[in-house]
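S.K.: My questions will all concern the structure given below.
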Amino acid sequence: MSSRSGSVIWIHPEAPPKPAVGEPCNGCGVCCLAEPCPLGMLVSLKREGACRALQWSEEDRAYRCGMLVHPTRYVGLRTFRPDGLVNRLIRRYARRMIAAGIGCDADIEPAASPPSPASSPHSSSPSSPSSSPEKR
Numbered sequence: 371m372s373s374r375s376g377s378v379i380w381i382h383p384e385a386p387p388k389p390a391v392g393e394p395c396n397g398c399g400v401c402c403l404a405e406p407c408p409l410g411m412l413v414s415l416k417r418e419g420a421c422r423a424l425q426w427s428e429e430d431r432a433y434r435c436g437m438l439v440h441p442t443r444y445v446g447l448r449t450f451r452p453d454g455l456v457n458r459l460i461r462r463y464a465r466r467m468i469a470a471g472i473g474c475d476a477d478i479e480p481a482a483s484p485p486s487p488a489s490s491p492h493s494s495s496p497s498s499p500s501s502s503p504e505k506r
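Sequence positions in the sequence shown follow the numbering used here and run 371 to 506.
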């Protein structure tokens, strides 16, 4: 996966650093924030920008693919139980489609820079820079 040079993505300040290509995914979110994967294109209905199914997990302090957590939320079937058969089947398909567990395939190299609370799309207020995502 590659991204346009010079693109700006906003990453949660507690997100783990991006692993090297081929290393296990650690939930850094760089790939899905830069552009959706083929499955993400289907659920996001777009080819550029952050994937709609990307979720921040406070518990894990990492990003998670919503298609692996509760997929029916992203395909218009919100009433199905997270542990139900439909979710399990979609989750199995999604895991295969995104090559979960295979390793990082994002050849994007984020350049860390200090967060800018005033320009962050996620900042809650300029007085709380710790809550705004990091610009990479």
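Ideal placement from N, C-alpha and C gives every residue a C-beta, glycine not left out.
Please classify Y444 as buried or exposed, where buried requires at least 16 other C-beta atoms within 10 Å of its C-beta.
M.R.: Y444 should be labelled buried.
S.K.: Going by CA-CA distance only, name the one from L409, A404 and L455 that's closest to M467.
M.R.: Selected option, being the one with the closest Cα: L409.
S.K.: Could I get the ranges of all uninterrupted beta strand (DSSP E) runs contained in the segment 415 to 452, with 3 residues as the minimum, in chain order?
M.R.: Runs of the beta strand (DSSP E) inside the segment 415 to 452: 424 to 427 and 432 to 435.
S.K.: In the DSSP assignment, find the unbroken alpha helix (DSSP H) run with V456 in it and report its ends.
M.R.: Counting along the chain, the alpha helix (DSSP H) containing V456 begins and ends at L455 to M467.
S.K.: Can you name the start and end residues of the alpha helix (DSSP H) that V391 belongs to?
M.R.: Note, V391: premise wrong, no alpha helix (DSSP H); not H, not E.
S.K.: With a Cβ-Cβ cutoff of 7 angstroms, do A464 and L438 count as a contact?
M.R.: Their beta carbons are under 7 angstroms apart, which means A464 touches L438 by this criterion.
S.K.: How long is the line joining the alpha carbons of W426 and G471, rounded to whole angstroms?
M.R.: Approximately 18 angstroms between the Cα atoms of the pair.
S.K.: Which same chain residues end up closer than 6 angstroms to C421 when comparing Cβ atoms and leaving out the 5 residues on each side of it in sequence?
M.R.: Around C421: C402, P406, G410 and S414.
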